[in-house]
Amino acid sequence: MSPSPPSEPGAPPEPSGAGSPGGSGAADGAEGADRADGEAPDVGAPELRSAAEAILVVADEPVTTEAIAQALGLEEGAAHELLEDLAAEYRGEHAGSRPRGFVLRRAAGGWRLASAPRHSDLVEAFVVGGATARLSQAALETLAVIAYRQPVTRGRVAAIRGVNVDGVVRTLHARGLIEETGAEPSGAILYRTTPEFLEYLGIDSLEELPPLAPYLPGAESLADIAEEMTDRSMR
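Count along the sequence shown starting at 1, add 1291, and that's the number in our numbering.
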């Protein structure tokens, strides 16, 4: 076996493992750490995209980029890229994609899902078309919460009822039974009942409602109030 050639004077020693595929020297570790820290997340990852969609679906007010970033463990820039990419996908701008019946748009400093503008006439006809139909139990209970807690946000109503009330609130608003009345500092819209609500129940003022205010009724009481509202509306 021939001896290794002597190192050139002044040449630094070669790091252990350098230049070999299986090298595990400090230089390799630092390189891996830098790559892990600087590597942008894959905004096309299905699980990441579906997680963002899940948050947007249940949110009752615009969700900020910062909130999405915190929820998904992303940098804010990556979260913004993800949301912009989802919006483009819903518009049908991705190869092989088609425009959806909903869009992701900016609103009040955040992001929210909404029906596609091209279907606005159809959506309006669908919502308003049921204006002469009797309110569902869910709608009546939501209306009761708003009546006793007004002005109140959708988020608060949802927390009280324990379910998402976005669709119900839109229906009540379309039928003229509730209206927007300003917003909280957070930007969440406040709702209150309208004169049409009083007309619907056949009463002159909110004072004629069952004497449960200012205390919010429980779930069982809500059902009782909903039943009474139905009875009043049919008189």
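The beta-carbon is built from N, C-alpha and C at its ideal position, and this holds for glycine as well.
- Spanning the alpha carbons of Pro1486 and Val1394 requires a straight line of approximately 33 Å.
- The beta carbon of Gly1478 lies closer than 6 Å to those of Ala1399 in the same chain, with the five residues before and after it left out.
- In this structure, Val1354 places its C-beta atom within 8 Å of the C-beta atom of Arg1403.
- Judged by pairs of C-beta atoms under 8 Å, the stretch 1354-1367 does not touch the stretch 1455-1471, as fewer than three such pairs exist.
- Out of Ala1405, His1464 and Gly1473, the CA that lies nearest to the CA of Leu1434 is found in His1464.
- Runs of the alpha helix (DSSP H) spanning 4 or more residues and lying entirely within the stretch 1374-1447 occur at 1411-1420 and 1428-1440, in chain order.
- Annotation: Ile1480 to Thr1356 spans about 19 Å, alpha carbon to alpha carbon.
- The Cβ atoms of Pro1390 and Gly1401 do not sit closer than 8 Å to each other.
- Per the coordinates, the alpha-carbon of Ser1411 lies some 28 Å from the alpha-carbon of Glu1475.
- Taking each of Arg1452, Leu1413, Asp1333 and Gly1493 in turn and checking the Cα distance to Gly1368, the smallest one comes out for Asp1333.
- Look at Glu1471 here: in three-state DSSP terms it is strand.
- For Leu1373 against Leu1339, the beta-carbon gap comes to about 7 Å, under 8 Å, which counts as contact.
- Taking the Cα positions, Gln1428 is about 23 Å away from Ala1350.
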